[in-house]
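Participant:
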Amino acid sequence: MGLRRAAHVAWRRVGDETVLIHLRNKRIFVLNPSGGFLWHGLDGARGTEEFLESLTLDDPLPDGASGRIDAFLENLREADLVEGDGAKGDGQRGSLPEFPLRTFVPPELVWQQELRNFGQSCAFQAGASDPCNAVPTV
Amino acid sequence: MASDESQLARILSDTEEESFSQPVDWKALVRRAVDERVAPLLFWKLAGDRRLPEGERNLLRSELYRAEASNLILYRELGRLLERSAESGLRPPVLLKGAALASSLYQEIGHRPMGDIDVFVPREDLDRWLELAGQACFRRLSPEMSPGLDRAIHYHVALAGGTESEAAIEIHYGLIAGESDWRAPDPRWFLARTEEWAPPPSVSSASPSPARQLDPTAHLLYLSAHAMLQHGGASARMIWFYDIHLLVSRWGDRVRWSEALEQAREFHWDAALAAALARSRGLFRTPLPPGLMQDLEVEPSARGAREVRRRRDPGRSRADIVWSELRAVGIGRGLLWALGILFPRPDYMRWRYPEAGRFWPAFYPVRWARVLREGSRALLRKRPAG
């Protein structure tokens, strides 16, 4: 089975980037446009070869493109963002958007951070800050 | 040098060249943007600007991703709750403030940070909503201080939990204050002035369960009262006035201004509306209909104007705030509340003083001493000098 997006990851496209949130460890990951393209295609039915075939580029693929995709998928796996074994997929493929760039740019995780203070709301900290002082905890 | 606040406001309202004509203290500006909850917006406005130093750029970028991820989680939890409510045949709830506006008014949900999701439901549906929220793994954040006090003086129940994350949701059955408080409007007026709310596309399922949001007129009134009468000018954040600015700029043609004025007067909210619009215009040059501010100045509600002034005072103590809340709910309920403060239930004491362990009863005198100390200080401050 090929790699697929893990169920404990939520994501959203923001501009040309894709923001992922690992719901268990509350880490945020941001993918560049190429990474976002691959992410959307990670449905358990594609491996590196299938991804390479789906690229519509003006220029020929540079040497090492396959290795860069493998490395990216490995990064996703290490970060526990994907599930599956990475072998060529045999499931049903979902539709894949067009590759967003005309030349090959390696897919990358361009940003990582912890989601700190999630749920920081007056509901949790009444009396702790000015905006929460409408009715302070007494 | 222009103040951080005015520089920030100019950048957010796309008149930054004016702001950049003066030296910019980027560290202070970014710190202020984070405090005022407008950091993601600031990043969006300045992402391509080379004047923004690298360190501050990264900080703002990080704030955008944080808001994006937090809102994504909150909307997922909301989606689950809405599914349950639709299945159980409850009327669609009305989303308030950020929960409604982040997806309907802002270009990107991460531009409008939220700490929680505010859901407004008819009072008669509250018990069913609480039951439903319990099924979705939400629990009350704090025990009631004394039996029946919440419904007598409060207007929402704060919940924490969820299926995937520790999210915060507030279920409102009233707006800005409890029903006995003079500031509280008739919730039915607001529940009758709603429109369909569209969830953010990539968060929702293919057929999202329905929810509503206040129409622009009702939302403008609520946002103004929330900023000026619930929190008060001294602690109101810039993002709340940016909400108002965007609402008026983008949906101004759908605001029924004469109805807004009439209703603001009826709720004693006219001074709050005037103050919120003036603040929004002062910060962001919000385009207001000609003559509106003059109309709002004609015989404003004295009570409302006094409260807006009082809440502008940055030196208000906890005791001042509690005292003004007690007065606002009237003598009977104020007394009930005061008794609740002095003699809360054991489960409230255990929640309020977790460090006390089994010695929680010893914290009753601690409370009384604190009430006495803070009350006396507040009284002494009020005594005229000399």
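Residue numbers (my numbering), protein chains in the order written: chain W, 654 to 791; chain L, -5 to 380. Virtual Cβ for every residue (Gly too), placed ideally from N, Cα, C. Bear in mind the structure is a predicted one, so any value in this text is a computation, not a measurement.
1. Could you check whether the segment 255 to 265 of chain L touches the segment 19 to 31 of chain L, counting it as contact only if at least three pairs of C-beta atoms, one from each stretch, sit closer than 8 Å?
2. Mind listing which residues of the segment 654 to 671 of chain W have their C-beta closer than 7 Å to chain L's C-betas, in chain order?
3. Please state the DSSP three-state secondary structure of residue 778/W.
4. Scan the segment 86 to 104 of chain L for residues whose Cβ lies nearer than 8 Å to a Cβ of chain W and list them as they occur along the chain.
5. So, does the segment 138 to 151 of chain L touch the segment 48 to 68 of chain L, judging by three or more C-beta pairs under 8 Å?
6. On the criterion of 16 or more Cβ atoms from any shown chain inside 10 Å, does residue 175/L qualify as buried, or is it exposed?
7. Are the segment 751 to 760 of chain W and the segment 708 to 720 of chain W touching by the rule of at least three beta carbon pairs closer than 8 Å?
8. List, from N- to C-terminal side, the beta strand (DSSP E) runs of 3 residues or more that fit wholly inside the segment 193 to 258 of chain L.
9. What are the start and end residues of each continuous alpha helix (DSSP H) run of 4 or more residues lying completely inside the segment 72 to 153 of chain L, in chain order?
10. Is residue 353/L helix, strand or coil by DSSP?
11. So, at 8 Å on beta carbons, what are the nonlocal neighbours of residue 663/W in its own chain, with the 5 sequence-adjacent residues on each side left out?
12. Between residue 212/L and the rest of its own chain, which residues show a CB-CB distance below 8 Å, the 5 nearest in sequence each way excluded?
13. Taking 7 Å as the limit between beta carbons, can you name the residues of its chain near residue 88/L, skipping five residues before and five after?
14. Residue 62/L touches chain W at which residues, Cβ-Cβ below 7 Å?
15. Between the Cα of residue 57/L and the Cα atoms of 689/W, 733/W, 769/W and 762/W, which residue gives the shortest distance?
16. Taking the continuous beta strand (DSSP E) assigned at residue 166/L, which residues delimit it?
17. My assumption, with CB atoms under 8 Å, is that residue 90/L sits in contact with residue 148/L. Please give the rounded CB distance.
18. Against residue 690/W, what residues of chain L qualify as contacts under a CB-to-CB distance less than 8 Å, listed in chain order?
19. Given a cut-off of 8 Å on the beta-carbon distance, is the pair residue 656/W and residue 720/W in contact?
20. Measuring alpha carbon to alpha carbon, tell me which residue in 669/W, 665/W, 733/W and 698/W is nearest residue 760/W.
21. Give me whichever residues DSSP pairs with residue 155/L in a beta bridge.
22. From the beta carbon of residue 768/W, is the nearest beta carbon of chain L less than 8 Å away?
23. In angstroms, rounded to a whole number, what distance separates the CA positions of residue 706/W and residue 81/L?
24. Can you have a look at residue 678/W and say buried or exposed, based on whether 16 or more other CB atoms are within 10 angstroms of its CB?
25. Does the beta-carbon of residue 366/L have 16 or more other beta-carbons within 10 angstroms, so that it is buried, or is it exposed?
Facilitator: Reading it off the structure:
1. no
2. 663, 665, 666 and 667
3. Position 125 of the first sequence holds residue 778/W. Legend: pLDDT at residue 778/W = 45, less than 50; position of this residue unreliable, value from coordinates given subsequently. Three-state result, residue 778/W: helix.
4. 102, 103 and 104
5. no
6. For the purposes of this step, residue 175/L is taken as residue 181 along the second sequence, with counting starting at 1. With 16 or more Cβ atoms within 10 Å of its Cβ, residue 175/L is classed as buried.
7. yes
8. 206 to 208
9. 91 to 98, 120 to 129 and 143 to 147
10. Taking the first residue of the second sequence as position 1, residue 353/L is located at position 359. Note: residue 353/L maps to helix in three-state DSSP.
11. Numbered from 1 along the first sequence, position 10 holds the residue referred to as residue 663/W. The residues are 673, 674 and 676.
12. Along the second sequence, read from residue 1 onward, the residue named residue 212/L stands at position 218. Closer than 8 Å at the Cβ level, and outside the excluded window around residue 212/L, lie 183, 184, 187 and 188.
13. What you label residue 88/L is simply residue 94 of the second sequence in a count that begins at 1. Excluding sequence neighbours, residue 88/L sits near 114, 185, 188, 206, 207 and 208.
14. Stepping through the second sequence from its first residue, residue 62/L is reached at position 68. Residues of chain W passing the Cβ test: 665, 667 and 672.
15. Taking the first residue of the second sequence as position 1, residue 57/L is located at position 63. That would be 769/W, whose Cα lies nearest to the Cα of residue 57/L.
16. For the purposes of this step, residue 166/L is identified with residue 172 of the second sequence, where counting begins at 1. 161 to 166 is the span of the beta strand (DSSP E), which, as asked, contains residue 166/L.
17. The residue labelled residue 90/L in the question sits at position 96 within the second sequence. The residue labelled residue 148/L in the question sits at position 154 within the second sequence. No, residue 90/L and residue 148/L are not in contact; Cβ-Cβ is about 16 Å, not under 8 Å.
18. Counting from one through the first sequence, the residue named residue 690/W turns up at place 37. Those within 8 Å of residue 690/W in chain L number zero; the least Cβ separation is about 15 Å.
19. The sequence position of residue 656/W within the first sequence is 3, counting from 1. The sequence position of residue 720/W within the first sequence is 67, counting from 1. No, these two residues do not count as a Cβ contact at 8 Å.
20. As a position in the first sequence, residue 760/W is number 107, starting the count at 1. When each option's Cα is compared against that of residue 760/W, the closest is 669/W.
21. By one-based count along the second sequence, residue 155/L stands at place 161. DSSP lists 132/L and 161/L as partners of residue 155/L.
22. Here residue 768/W refers to the residue found at position 115 when the first sequence is read from its first residue. With 8 Å as the cut-off, residue 768/W counts as an interface residue toward chain L.
23. As a working mapping, residue 706/W is identified with position 53 in the first sequence. As a working mapping, residue 81/L is identified with position 87 in the second sequence. Whole-angstrom Cα-Cα distance: 44 Å.
24. The residue labelled residue 678/W in the question sits at position 25 within the first sequence. That one is exposed.
25. By 1-based counting over the second sequence, the position of residue 366/L is 372. Classification of residue 366/L: exposed, given that the 10 Å Cβ count is below 16.
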